[in-house]
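Written out below as structure tokens is the structure these notes cover.
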Amino acid sequence: MRFVVCGEALIDMLPGETVSPAESRWTALAGGGPMNTAVALNRLGEDVQFLGRLGGDAFGVQITGYLEANSVGLDLAVRTQDPTSLAVVSLDDDGKAEYTFHFDGTSNFGWQPHEFPTLADDDWLHFGSLGAVVGNGVKPMLDFVSTTNAAVSYDINVRPTVQPDRSAYFATVADLMAAVGSGGGIVKASDDDINWLVDDDDPIAYAEAWATEYGLSMFIVTLGADGVVAVKPDGRLIRVPGHQVELVDTVGAGDTFMAGFLSAYAVDPMDVEAALVRGAAASALVCSRKGANPPTLTEVEAFLAS
């Protein structure tokens with residue numbers, strides 16, 4: 100199976116040393132949820148193409164080089180002269196990441212209908228995060244997802260700072276869930292994502308309701324250190340626990356989870372539990388590293404064996 104991952108590739112600016120009140124040091128890492136998932140899928144041994152709009156500046160060159168170094172296919176990527184999007188990362192005392200975005204006029208959010216390819220029914224399209232809810236490209240992406248022949252998964256990956264209006268954010272997410280559900284696809288969100296969207300604290304109940312309402316094959320809810328649960332539209336819950344690791348930060352955790360899950364699920368869609376186990380292990384490993392640095396399949400298997 101070929102995975103096609105659609106969405107943003109950007110630069111994560113991670114804080115480093117404070118030299119003086121006037122100077123601080125930052126690390127510029129290639130990032131973006133979909134790009135992280137594409138790299139993670141390749142490290143897990145999958146055939147993957149990145150469907151994104153790449154900037155024409157030095158950061159765009161860096162991102163292109165990073166994708167090429169990780170053997171992620173760029174046959175479907177769109178080259179632009181736009182500047183690259185930036186995400187400035189703040190880490191709390193527990194290593195949890197928060198983001199401030201600089202997006203106006205940048206490469207990721209100007210999708211045009213002709214830039215989307217025709218996918219085959221044996222492809223798997225994974226998309227989501229910011230590129231699905233920000234900018235003029237939202238409608239073309241929705242149309243693409245609604246009409247593709249590929250199997251589809253969608254990572255909601257809420258970022259409130261890009262659209263603080265809950266009702267407007269949820270309206271876009273609901274349209275995308277309906278598009279995914281039209282083909283019986285999969286939606287994933289964290290418990291924090293769901294709680295913010297609905298301003299409530301019962302994410303599993305909402306996941307079950309949405310799986311039924313939108314015709315999804317399942318809704319996956321990641322629960323941080325408490326693991327992950329897959330909710331089927333008939334109400335069945337499939338849970339796996341989390342792993343105890345020495346936390347460095349959570350950058351790329353959800354993105355890497357999806358790569359681990361999809362790499363196993365595509366081989367055996369009947370064994371959802373095994374796919375969740377692989378996803379949880381991959382996510383735990385990336386949390387033990389700085390930034391989005393996904394593990395290889397060998398590393399995941401060794402981690403699970405231990």
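The sequence shown begins at 100 in my numbering and counts up by one.
Glycine included, C-beta positions come from ideal geometry on N, C-alpha and C.
Euclidean distance between Cα positions of Val160 and Gly154: Here residue 160 corresponds to residue number 61 of the sequence shown, with the count starting at 1. Here residue 154 corresponds to residue number 55 of the sequence shown, with the count starting at 1. Their Cα atoms are separated by approximately 8 Å.
Span separating the alpha-carbon of Val232 from that of Ala108: In the sequence shown, residue 232 corresponds to position 133, counting from 1. In the sequence shown, residue 108 corresponds to position 9, counting from 1. Spanning the two alpha carbons is a distance of roughly 15 Å.
Closest by C-alpha distance to Thr415, when choosing among Arg338, Thr349, Gly164 and Arg152: Only positions 100 to 405 of the chain appear in this structure, which leaves residue 415 out of reach.
Host alpha helix (DSSP H) of Pro133 (start-end): If you number the sequence shown from 1, residue 133 lands on position 34. In the DSSP annotation of this structure, the continuous segment of the alpha helix (DSSP H) that includes Pro133 starts and ends at Gly132 to Arg142.
When Asn392, Ser189, Phe215 and Ala365 are compared against Asp174, the one with the closest alpha-carbon: As a first step, residue 174 is located in the sequence shown; it is residue number 75 there, counting from the start. Ranked by how close their Cα comes to the Cα of Asp174, the residues Asn392, Ser189, Phe215 and Ala365 have Phe215 in first place.
Per-residue burial, Ala358 [other beta carbons within 10 Å of its own, 16 or more giving buried]: Your numbering for residue 358 matches position 259 in the sequence shown. The C-beta of Ala358 has 16 or more other C-beta atoms within 10 Å across all chains shown, which makes the residue buried.
Touch test, the region 130 to 138 against the region 347 to 356, Cβ-Cβ under 8 Å, three pairs minimum: Between the region 130 to 138 and the region 347 to 356, the count of C-beta pairs closer than 8 Å reaches three or more; the two stretches touch.
Beta-carbon proximity list for Asn235, same chain, < 8 Å, skipping 5 on both sides: Taking the first residue of the sequence shown as position 1, residue 235 is located at position 136. Shown here for Asn235: same chain residues with a beta carbon closer than 8 Å to its own, the five before and five after excluded, namely Phe208, Gly209 and Trp210 in chain order.
For Val279 and Ala381, the rounded distance between their alpha carbons: What you label residue 381 is simply residue 282 of the sequence shown in a count that begins at 1. What you label residue 279 is simply residue 180 of the sequence shown in a count that begins at 1. In this model, Ala381 and Val279 are separated by some 25 Å (Cα to Cα).
Start-to-end residues for the alpha helix (DSSP H) that takes in Asp242: Along the sequence shown, read from residue 1 onward, the residue named residue 242 stands at position 143. Element bounds for Asp242: Val237 to Thr246.
Beta-carbon proximity of Asp292 to Asn256, cut-off 8 Å: Here residue 292 corresponds to residue number 193 of the sequence shown, with the count starting at 1. Here residue 256 corresponds to residue number 157 of the sequence shown, with the count starting at 1. Taking 8 Å as the Cβ cut-off, Asp292 and Asn256 qualify as a contacting pair.
Sequence-distant residues of the same chain with beta carbon closer than 6 Å to Ala306, five excluded per side: Position 207 of the sequence shown holds residue 306. Once the five neighbours on either side are set aside, the close Cβ partners of Ala306 are Phe318, Val320 and Val330.
For Leu315 and Gly334, the rounded distance between their alpha carbons: Residue mapping note: residue 334 aligns to position 235 of the sequence shown, counting from 1. Residue mapping note: residue 315 aligns to position 216 of the sequence shown, counting from 1. Approximately 12 Å, taken between the alpha carbons.
Residues that Pro114 bridges to, as DSSP identifies them: Residue mapping note: residue 114 aligns to position 15 of the sequence shown, counting from 1. Under the DSSP definition of a beta bridge, Pro114 partners with Trp125.
Buried or exposed (CB count within 10 angstroms, at least 16 for buried), Thr183: The count along the sequence shown starts at 1 and reaches residue 183 at position 84. Classification for Thr183: buried.
Selected residue, minimal CA-CA separation from Ala127, among Phe356, Val104, Tyr165 and Thr397: For the purposes of this step, residue 127 is taken as the residue at position 28 of the sequence shown. Comparing Cα positions, the closest option is Tyr165.
Beta-carbon gap between Cys386 and Val347 smaller than 8 Å: As a first step, residue 386 is located in the sequence shown; it is residue number 287 there, counting from the start. As a first step, residue 347 is located in the sequence shown; it is residue number 248 there, counting from the start. With a cutoff of 8 Å on beta-carbon distance, Cys386 and Val347 are scored as near each other.
CB contact flag (Gly115, Arg101, <8 Å): As a position in the sequence shown, residue 115 is number 16, starting the count at 1. As a position in the sequence shown, residue 101 is number 2, starting the count at 1. The Cβ atoms of Gly115 and Arg101 do not sit closer than 8 Å to each other.
Inter-residue spacing [alpha-carbon to alpha-carbon] between Trp295 and Pro212: As a working mapping, residue 295 is identified with position 196 in the sequence shown. As a working mapping, residue 212 is identified with position 113 in the sequence shown. If you take the alpha carbons of Trp295 and Pro212, they lie about 31 Å apart.
Residues that Gln148 bridges to, as DSSP identifies them: Within the sequence shown, the letter at position 49 stands for residue 148. According to DSSP, Gln148 bridges with Val103 and Gly172.
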